[in-house]
Structure formats: structure tokens, C-alpha cells
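Notes follow the structure.
Protein chains: 4
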Amino acid sequence: MNERDLAARVGETMFAADRASRDFMGMELVSCEPGRAVLRMTVRESMLNGHDICHGGLIFTLADSTFAFACNSRNNVTVAAGCSIEFLKPVQRGDVLTCEGIEKTLQGRHGIYDMTVTNQAGETVAMFRGKSTQIKGNVVAGLA
Amino acid sequence: MNERDLAARVGETMFAADRASRDFMGMELVSCEPGRAVLRMTVRESMLNGHDICHGGLIFTLADSTFAFACNSRNNVTVAAGCSIEFLKPVQRGDVLTCEGIEKTLQGRHGIYDMTVTNQAGETVAMFRGKSTQIKGNVVAGLA
Amino acid sequence: MNERDLAARVGETMFAADRASRDFMGMELVSCEPGRAVLRMTVRESMLNGHDICHGGLIFTLADSTFAFACNSRNNVTVAAGCSIEFLKPVQRGDVLTCEGIEKTLQGRHGIYDMTVTNQAGETVAMFRGKSTQIKGNVVAGLA
Amino acid sequence: MNERDLAARVGETMFAADRASRDFMGMELVSCEPGRAVLRMTVRESMLNGHDICHGGLIFTLADSTFAFACNSRNNVTVAAGCSIEFLKPVQRGDVLTCEGIEKTLQGRHGIYDMTVTNQAGETVAMFRGKSTQIKGNVVAGLA
Numbered sequence: 001m002n003e004r005d006l007a008a009r010v011g012e013t014m015f016a017a018d019r020a021s022r023d024f025m026g027m028e029l030v031s032c033e034p035g036r037a038v039l040r041m042t043v044r045e046s047m048l049n050g051h052d053i054c055h056g057g058l059i060f061t062l063a064d065s066t067f068a069f070a071c072n073s074r075n076n077v078t079v080a081a082g083c084s085i086e087f088l089k090p091v092q093r094g095d096v097l098t099c100e101g102i103e104k105t106l107q108g109r110h111g112i113y114d115m116t117v118t119n120q121a122g123e124t125v126a127m128f129r130g131k132s133t134q135i136k137g138n139v140v141a142g143l144a
Numbered sequence: 001m002n003e004r005d006l007a008a009r010v011g012e013t014m015f016a017a018d019r020a021s022r023d024f025m026g027m028e029l030v031s032c033e034p035g036r037a038v039l040r041m042t043v044r045e046s047m048l049n050g051h052d053i054c055h056g057g058l059i060f061t062l063a064d065s066t067f068a069f070a071c072n073s074r075n076n077v078t079v080a081a082g083c084s085i086e087f088l089k090p091v092q093r094g095d096v097l098t099c100e101g102i103e104k105t106l107q108g109r110h111g112i113y114d115m116t117v118t119n120q121a122g123e124t125v126a127m128f129r130g131k132s133t134q135i136k137g138n139v140v141a142g143l144a
Numbered sequence: 001m002n003e004r005d006l007a008a009r010v011g012e013t014m015f016a017a018d019r020a021s022r023d024f025m026g027m028e029l030v031s032c033e034p035g036r037a038v039l040r041m042t043v044r045e046s047m048l049n050g051h052d053i054c055h056g057g058l059i060f061t062l063a064d065s066t067f068a069f070a071c072n073s074r075n076n077v078t079v080a081a082g083c084s085i086e087f088l089k090p091v092q093r094g095d096v097l098t099c100e101g102i103e104k105t106l107q108g109r110h111g112i113y114d115m116t117v118t119n120q121a122g123e124t125v126a127m128f129r130g131k132s133t134q135i136k137g138n139v140v141a142g143l144a
Numbered sequence: 001m002n003e004r005d006l007a008a009r010v011g012e013t014m015f016a017a018d019r020a021s022r023d024f025m026g027m028e029l030v031s032c033e034p035g036r037a038v039l040r041m042t043v044r045e046s047m048l049n050g051h052d053i054c055h056g057g058l059i060f061t062l063a064d065s066t067f068a069f070a071c072n073s074r075n076n077v078t079v080a081a082g083c084s085i086e087f088l089k090p091v092q093r094g095d096v097l098t099c100e101g102i103e104k105t106l107q108g109r110h111g112i113y114d115m116t117v118t119n120q121a122g123e124t125v126a127m128f129r130g131k132s133t134q135i136k137g138n139v140v141a142g143l144a
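Line by line, the protein sequences give chains A, L, H and X. Counting from 1, one number per residue, gives the positions in the first sequence under our numbering. Counting from 1, one number per residue, gives the positions in the second sequence under our numbering. Counting from 1, one number per residue, gives the positions in the third sequence under our numbering. Counting from 1, one number per residue, gives the positions in the fourth sequence under our numbering.
This is how it looks when you write it as C-alpha cells:
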């Protein structure tokens with residue numbers, strides 16, 4: 001299996017098991033490629049806080065999910081070792097958020113991934129950086 | 001109104017409007033005092049990720065909500081200016097998470113708050129630090 | 001004065017006054033352009049810690065200086081509102097570190113800048129992200 | 001050797017080898033106890049940036065050194081796995097900065113340490129949080 005097909009397969013496998021991202025948050029897995037993933041989520045009424053804008057924690061959750069898909073996309077089980085987030089613009093009800101996660105560096109078992117969350121107007125609403133560490137095992141067993 | 005009663009009133013007002021924390025996440029506001037807040041949340045099946053543990057973003061969300069209550073408790077509208085989180089232990093289905101947020105320093109309009117998330121066994125599962133900035137206005141109008 | 005010349009002028013002015021970066025740390029200002037800056041520093045014996053590698057704080061200092069030049073390059077006085085750093089590789093005595101800082105986004109008064117520190121072999125040794133806020137005033141007075 | 005004497009011995013050993021903290025930065029090791037360390041540094045003219053205040057990177061360096069002493073104080077070689085800093089007040093020439101580092105939690109090989117930097121007036125000027133991971137080996141060989 002080539003690495004693009006493998007990444008897609010890893011993404012589907014992870015997404016099928018991830019009740020929080022899929023069902024609770026209503027995220028959609030747009031793509032999972034080697035060192036890259038895209039997820040999408042629509043902001044519902046139930047996600048608003050007392051200022052009538054989307055709770056920042058739920059934007060974090062979208063970026064954190066995207067990070068997990070991007071850093072596991074090579075089929076090596078990989079966990080978060082740290083992260084930081086900057087919130088740049090308020091997010092409104094009905095906004096469609098797209099998060100793209102990209103591998104910036106992967107040296108041995110340690111990687112840095114940058115997640116950028118944009119709204120339907122293409123404006124950046126948050127930036128999340130994650131540091132990852134590979135542990136033992138494969139996400140999908142029995143493949144390269 | 002003394003500052004303890006004011007903080008409790010601010011907490012109730014914010015919580016009533018915060019659909020994300022109250023309804024979507026199922027958090028409970030345990031207390032809101034001057035410079036301190038406690039929230040609680042039970043981890044449901046729907047909050048689990050593909051590793052069968054609670055999605056880290058939802059633990060972040062609990063801490064971020066607690067931060068908002070603690071830093072607004074003096075009735076000055078206050079927003080997050082930055083945050084960091086460290087995840088220390090996996091959280092399981094059925095775990096009851098309690099997050100306590102405490103003001104470490106408040107100098108002029110800038111504060112630092114430490115949120116500690118513990119499980120029902122008293123183990124610390126995550127630590128979140130938030131930096132806050134007061135802006136204009138009061139959370140509850142017409143009070144001191 | 002066009003914006004490239006202005007950025008260069010801002011860089012020279014800041015560098016002349018910055019005793020810590022220039023004299024104490026021995027940094028060199030390679031370039032200051034609109035939304036971008038490059039600084040360089042050689043790791044001396046005196047910068048080593050007990051593990052015989054460069055003290056992480058001094059790598060942070062190089063990145064933090066670069067951030068200041070990049071975010072002030074448009075001649076609006078701009079301060080750091082937060083930062084995070086990831087250390088990726090140990091740095092040895094004699095290594096020549098180059099830090100490039102790039103503006104990722106600037107929306108109103110708030111910007112995000114990414115600083116990447118590489119060694120003479122082109123390996124990334126640290127990544128620093130800074131969030132900036134413009135305040136009142138110009139770095140160099142009497143110019144556009 | 002009891003754990004207090006061991007921590008003091010670890011501190012002396014590390015400090016003797018740490019040219020950056022001791023000679024370049026001019027820090028003083030005030031104490032190293034189990035899970036706690038205190039370092040002190042006077043801000044010299046050479047540490048000022050273009051705003052005539054202490055370069056933030058050098059304050060970070062003081063806190064990062066204190067973190068290293070605190071997390072290695074039990075004689076298990078321990079490295080930083082991540083950190084964050086918040087700057088709260090400008091620091092002036094001649095200020096005497098004291099940084100106290102305290103272990104907040106140590107679960108297995110992973111710890112969280114909080115460093116607080118105060119000036120001679122007792123005002124908090126910066127807060128640094130570090131996450132540590134123990135690796136193999138002892139700081140001082142041949143002791144418990």
C-alpha cells in the first residue's frame with residue numbers, strides 16, 4: 001500500500017472509533033494524507049457561550065482532533081507531547097470552520113504540527129501548534 | 001452587595017447564558033467566589049476518542065470555562081489573553097472531573113489564573129494556566 | 001520612504017539601542033524587512049550549561065529578539081502578548097544559529113509571528129511562536 | 001545521605017558545571033532542596049534591550065535554570081518537555097530578581113514545576129511553568 005492510501009486508511013480507521021470528534025462535535029474528516037489532515041465543523045447554537053460566540057474550548061477541540069489525524073497519518077502511533085493555541089477572531093453561530101494540520105518537522109520520533117482554523121470567509125480564527133512523540137505500535141495493524 | 005454575593009451572582013448569570021458549558025458539555029457550576037471558581041463534569045461515552053479515553057479538547061473546555069468564571073468573578077468583564085495546558089493522566093468514561101480555578105495574581109487589568117482538573121480519586125489529570133485582561137463593562141449591570 | 005527602507009531603518013534603530021541582543025549576546029542583525037527579520041548568533045563556551053550544550057534560555061533569547069524586530073518592522077510600536085517555544089535538537093559550542101521570523105497573520109493590532117532557529121547544517125533546533133499587540137507610537141519618529 | 005543533603009549536593013554539582021547560569025548570566029544558587037530551588041540574579045546594564053528594560057529572554061533564562069535545578073533535585077536526570085512563560089511587569093536595571101521553583105506534581109517520570117520570578121519589592125514579574133520527564137541516570141553518581 002502506498003503512503004497516500006495508507007494515510008487515508010489510517011484516517012478512516014481513527015475517525016470510525018472517535019465518537020467525540022464524529023458524533024458529539026459533529027466534525028467531518030475531509031482528508032488525511034501523509035503529514036497532513038483537514039477536518040471541518042459547523043458551529044451550532046449549542047456550542048455558544050454566554051457572549052453568544054463559540055466556546056474557545058470547542059475550537060481547541062477541532063484543532064486537537066486535526067493534530068491527532070495529521071501526526072498519526074504515517075501509521076505510527078503518535079501522541080501529543082504539548083500544544084499551544086492562539087485565538088484570533090470570534091466565531092459565530094453557523095460559521096463553518098475548516099482546520100488544516102500540516103507537519104512542519106519530523107526528526108526521529110518528534111514532530112511539530114501547525115493547525116490553522118479558518119472560517120467560511122477564509123479568515124484565520126485560531127492557530128494551534130502541537131508537538132508530537134511516536135510511541136510503539138501501528139494505528140492500523142497488518143500494513144506497512 | 002458584598003464581594004462574595006456579587007461573585008455568586010456573576011456566576012449564576014454567566015452560567016445561565018452559557019449553553020456550551022451547561023447543556024452541551026453538561027458541566028455543573030459548583031461555586032463562584034472572588035477570584036475562584038469550581039466546575040464539575042462527568043465524562044460520558046460520547047466524549048471518548050478512538051483510544052477510548054476522553055478527548056483532550058473536552059478537558060481543555062472544562063478548564064477554559066472554569067477560567068472564565070474565576071476571572072470574571074469580580075464583575076469586571078475579563079477576557080482570555082492566552083493559555084497553556086498540560087495533560088497528566090488519561091481520563092476514562094464515567095470519571096467525574098472537578099476543576100478548581102484560582103487567581104494567582106491580579107495586577108491592574110492583568111491576571112494569572114491556575115486551573116487544576118482532578119478526577120474522583122483526587123488525582124490531577126490536567127493543569128491549565130490562563131492569562132486574563134479586563135476590558136470595559138460589568139458582567140452584571142447595575143451592581144457595584 | 002518605502003516600506004522596505006522603513007523596515008531596514010527601524011531595524012538599525014532598534015538594534016543600536018539593544019545592548020542585550022548586540023553586546024551581551026553577540027547577535028548580528030542580518031535583515032529587517034516588512035513582517036520579517038533575520039538574526040544570527042554564534043554559541044560561545046560561556047553559553048553552555050552543565051550538559052555542555054547551549055542553555056535553552058539563550059536560544060529563546062535569540063528567537064525573542066528576532067520576534068521583536070519582525071513585529072516592529074512596520075514602524076508601529078508592538079509588544080509581545082504571549083509566546084511558546086519548542087526545543088528540537090541540542091545546540092553545541094561553536095554552532096552558528098540563524099533565526100528567521102515571519103509574520104503569519106496581522107489582523108488589526110494583533111499578529112502571529114513564527115520564528116525558526118536553524119544551525120549551520122540547516123537543521124531546525126527550535127521553533128518559537130509569538131503573539132503581538134500594537135500599542136501607540138512609532139519606533140522611528142518623523143517617518144510615515 | 002538524606003534527601004535534603006542529596007538535593008544540596010546535586011545543586012552544587014550542577015551549578016559548578018553550568019557556565020551559562022553562573023558566569024555568563026551571573027546567577028547565584030540560593031538553595032536546592034527536594035522538589036524546590038531558588039536562584040537570584042541582578043539585572044545589569046548589559047541585559048537591557050532598546051526599551052531600556054531587561055530583555056525578556058534573560059528573565060526566561062533565569063526561570064529555565066531554576067526549573068532545571070528543581071526538577072533534578074532528587075538526583076534523577078530530568079529534562080524539560082515543554083514550558084510556558086507569562087511576563088507581568090517590566091524589569092529595570094539594578095533590579096534583583098529571585099526565582100523560586102516548586103514541584104506541583106510528580107507522577108511517575110512526569111512532573112510539573114512552577115517558577116515565580118519576583119523583584120526586590122516582592123512584586124511578581126514573571127511566571128513560568130515547566131513540564132519535565134525523567135530519563136535514565138543520576139546527576140551525581142555513586143549516591144542513593
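Glycine is no exception: its CB is placed at the ideal position from the N, C-alpha and C atoms. From a predicted model like this one, the values you see are computed outputs, not experimental measurements.
So which of the options has the shortest CA-CA distance to residue i?
i: A8 (chain H); options: H:G50, H:T61, H:N75 and H:N49; result: H:N75
i: L48 (chain A); options: L:A68, L:A20 and L:F69; result: L:A20
i: A80 (chain A); options: L:L106, L:H51, L:K104 and L:A68; result: L:H51
i: T105 (chain X); options: X:R36, X:P90 and X:D18; result: X:R36
i: L6 (chain L); options: L:D18, L:D23 and L:S73; result: L:S73
Output needed for residue i: all residues of its chain with C-beta closer than 6 Å, excluding positions within five of it in sequence on either side, in chain order.
i: Q120 (chain L); result: V96
i: A16 (chain H); result: none
i: D18 (chain L); result: none
Under the assumption that residue i contacts residue j (Cβ atoms under 8 Å), give the Cβ distance between them as a whole number of angstroms.
i: G111 (chain X); j: C83 (chain X); result: Not a contact, Cβ separation roughly 12 Å.
i: G146 (chain X); j: L29 (chain X); result: Lying outside 1 to 144, the shown extent of chain X, residue 146 (chain X) is not represented and no answer is given.
i: L88 (chain L); j: A126 (chain L); result: 6 Å
i: F156 (chain A); j: G130 (chain A); result: Examination of residue 156 (chain A) is not possible in this model, given that chain A is present from 1 through 144 alone.
Go ahead and pull the three-state DSSP assignment for residue i.
i: L88 (chain X); result: coil
i: V79 (chain A); result: strand
i: S31 (chain X); result: strand
i: G11 (chain A); result: helix
i: N49 (chain A); result: coil
i: L143 (chain A); result: coil
i: E3 (chain A); result: helix
i: N198 (chain H); result: Since the first and last residues shown for chain H are 1 and 144, residue 198 (chain H) lies out of range.
i: G57 (chain A); result: helix
i: D114 (chain A); result: strand
i: R129 (chain H); result: strand
i: R19 (chain H); result: helix
i: A121 (chain L); result: coil
Grab me the residues of residue i's own chain with a C-beta within less than 8 Å of its C-beta, minus the 5 sequence neighbours each way, in chain order.
i: M25 (chain A); result: M41, L58, T61, L62 and S65
i: R4 (chain X); result: E33 and P34
i: M27 (chain H); result: S21, L39, R40, M41, L62 and S65
i: Q107 (chain X); result: none
Tell me which same chain residues have a C-beta within less than 7 Å of the C-beta of residue i, skipping the five on either side of it?
i: G137 (chain H); result: V77
i: E86 (chain H); result: A126 and M127
i: R109 (chain H); result: T133 and Q134
i: E45 (chain A); result: R93
i: T13 (chain L); result: V139 and V140
i: I53 (chain X); result: P90, V91 and Q92
i: S31 (chain A); result: A37 and V38
i: D23 (chain L); result: none
Checklist entry - Pairing CB atoms from the stretch 110-128 of chain A with CB atoms from the stretch 92-102 of chain A, are three or more of them under 8 Å? => result Contact between the stretch 110-128 of chain A and the stretch 92-102 of chain A is present, because at least three Cβ pairs lie under 8 Å.
Checklist entry - Are three or more beta carbon pairs between the stretch 121-130 of chain L and the stretch 36-46 of chain H nearer than 8 Å? => result no
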